[in-house]
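Just add 3 to wherever you are in the sequence shown, counting from 1, and you've got the numbering used here.
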Amino acid sequence: MAFQHNMVPPTAQYGTKRQKKVVCEFPVAAIRVRIREGTVDHILEKHSKDFDFAIDGETYPPMIEYKVSKYIQEIISTSSQVFLSVARSTRADSIMMYFRRPQDKMHHCFPLAYEEDNCYRISTGYKKRFDEESFSGTWVQCGSQAVVDYWPGMMGVFTRGSVADSGHYWNIHGRPMQQQQPMIYTFIMAFNATASQAEEQMWVNTPPPTHPNRGRAGFGPMEQPLALVQFLIAGILVVIREGTVRHILEKHEKDFKFEIKEIEDWPTKEHIVATYIKNTIVHAEQLLITDERRSKENSLLIHMRRPVDRMFHRFVITHEAGNLYRLETAFKLYPDVSLLTGYMGRCLVQYDHGVQEVLTAAKVDRRNLHIARIHGNYL
Numbered sequence: 004m005a006f007q008h009n010m011v012p013p014t015a016q017y018g019t020k021r022q023k024k025v026v027c028e029f030p031v032a033a034i035r036v037r038i039r040e041g042t043v044d045h046i047l048e049k050h051s052k053d054f055d056f057a058i059d060g061e062t063y064p065p066m067i068e069y070k071v072s073k074y075i076q077e078i079i080s081t082s083s084q085v086f087l088s089v090a091r092s093t094r095a096d097s098i099m100m101y102f103r104r105p106q107d108k109m110h111h112c113f114p115l116a117y118e119e120d121n122c123y124r125i126s127t128g129y130k131k132r133f134d135e136e137s138f139s140g141t142w143v144q145c146g147s148q149a150v151v152d153y154w155p156g157m158m159g160v161f162t163r164g165s166v167a168d169s170g171h172y173w174n175i176h177g178r179p180m181q182q183q184q185p186m187i188y189t190f191i192m193a194f195n196a197t198a199s200q201a202e203e204q205m206w207v208n209t210p211p212p213t214h215p216n217r218g219r220a221g222f223g224p225m226e227q228p229l230a231l232v233q234f235l236i237a238g239i240l241v242v243i244r245e246g247t248v249r250h251i252l253e254k255h256e257k258d259f260k261f262e263i264k265e266i267e268d269w270p271t272k273e274h275i276v277a278t279y280i281k282n283t284i285v286h287a288e289q290l291l292i293t294d295e296r297r298s299k300e301n302s303l304l305i306h307m308r309r310p311v312d313r314m315f316h317r318f319v320i321t322h323e324a325g326n327l328y329r330l331e332t333a334f335k336l337y338p339d340v341s342l343l344t345g346y347m348g349r350c351l352v353q354y355d356h357g358v359q360e361v362l363t364a365a366k367v368d369r370r371n372l373h374i375a376r377i378h379g380n381y382l
């Protein structure tokens, strides 16, 4: 398999031997992090006292491994800031992950080794004392793509460089390589007034332009709620931020009762609903995207209906920066003729679970740049 954007393939032996079992797997920004059997044993050889609380007197080795793995997952997933950098990595196929919670005197360090697609495995883990100067300089926030100067209170997941600097950063920021989620064909009515007919072309995964707020004083991660989940819709990246789920549940909580069940913990409930919305959109066989009936000039409406649905789902997304959009709200409606007609743009997207058809209609503005971005054109 060919690798792009400076991505280095795994070591030659990796993939030729039987892989050890995955104990747990969880997301960090747009990548999946795995902890495999044997990793915990390696970590505990030198750092067992740091996990006494997690082990809690357990003596059965498989259960110790499970408890420690879940503890590592928890402290990473709940950390308010995570830094990823290739600068101190000792291997070309690895990247370093750092974070420090308010109660920690030292930073937690986890080398992540690339496995496949957007999946990485934790190789080991340890603590190290860093001064603030070690993290000084600019960082790129995942989700908003904001370029910000380091300060101790910054919140979010950050990379030391942009997607152009490393294939690992490319993955972390949710910009998959062609081999991972290729756009096959796109059929688009031309977005300029001089074109006389539609054209069929290959979609090229082009990085978005530099974030418009780069260098602007006061622009930073504190100005945006944290991202719960993010996912691709053809050529754009959609993020669901904190607060969106609460807004949706105010009027539509009964539609999510099966998912949230009797869960009372709000952060858990919010994450479950956000993930459910993400999966509903990503696994839809067809999406209808239009600028008609939008309430903001920088917004688009997404419509979909599964075989089990009587009504259409409508999702409102609003542009943030580059190819990044945030999901604002969601509700259901019965379709009308206008909703189902006038779609002149067409994309076919190949995912692991199948092919998704994305139809677009620039009804209000024929040269709508937001519609163009869906087709991979960063104008």
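Glycine residues also receive a C-beta, built at the ideal position from the N, C-alpha and C atoms. Since the model is a prediction, treat every value here as computed from it, not as a measurement.
Limits of the unbroken beta strand (DSSP E) element including residue i
i	result
residue 115	110-119
residue 88	84-88
residue 334	327-336
residue 142	141-144
residue 1	In the structure as shown, the chain begins at 4 and stops at 382. Residue 1 is therefore absent and cannot be evaluated.
residue 43	No beta strand (DSSP E) contains residue 43, which is instead part of the alpha helix (DSSP H) from 42-50.
residue 360	357-364
residue 138	Counting along the chain, residue 138 falls outside any beta strand (DSSP E), and DSSP gives it neither H nor E.
Straight-line Cα distance separating residue j from residue i
i	j	result
residue 73	residue 232	20 angstroms
residue 97	residue 114	7 angstroms
residue 352	residue 87	29 angstroms
residue 234	residue 32	10 angstroms
residue 269	residue 311	28 angstroms
residue 147	residue 228	10 angstroms
residue 171	residue 124	13 angstroms
Buried or exposed (CB count within 10 angstroms, at least 16 for buried), residue i
i	result
residue 344	exposed
residue 238	buried
residue 266	exposed
residue 319	buried
residue 45	exposed
residue 102	buried
residue 218	Here the model assigns residue 218 a pLDDT of 35, short of 50, so the residue's position is not dependable, and the following value carries that caveat. Residue 218 should be labelled exposed.
residue 80	exposed
residue 187	Confidence at residue 187 is low in this model, with a pLDDT of 34, below 50, so its placement is unreliable and the value that follows should be read with caution. By the 10 Å Cβ count, residue 187 comes out exposed.
Where residue i falls: helix, strand or coil (DSSP)
i	result
residue 302	strand
residue 307	strand
residue 279	helix
residue 176	coil
residue 131	strand
residue 316	strand
residue 68	helix
Residue i and residue j closer than 8 angstroms at C-beta
i	j	result
residue 336	residue 309	no
residue 349	residue 360	yes
residue 262	residue 251	no
residue 49	residue 39	no
residue 153	residue 133	no
residue 36	residue 68	no
Residue-level contact to chain C via CB, residue i, 8 angstroms cutoff
i	result
residue 156	Of the protein chains in this structure there is only one, and it is not chain C.
Residue i Cβ short of 7 angstroms to the ligand SAM heavy atom set
i	result
residue 114	The ligand SAM is absent from the structure shown, which contains no ligand whatsoever.
Residue range of the unbroken alpha helix (DSSP H) whose run includes residue i
i	result
residue 166	Taken as a continuous stretch (DSSP letters only), residue 166 belongs to no alpha helix (DSSP H), as it is neither H nor E.
residue 340	340-343
residue 237	Note, residue 237: premise wrong, no alpha helix (DSSP H); not H, not E.
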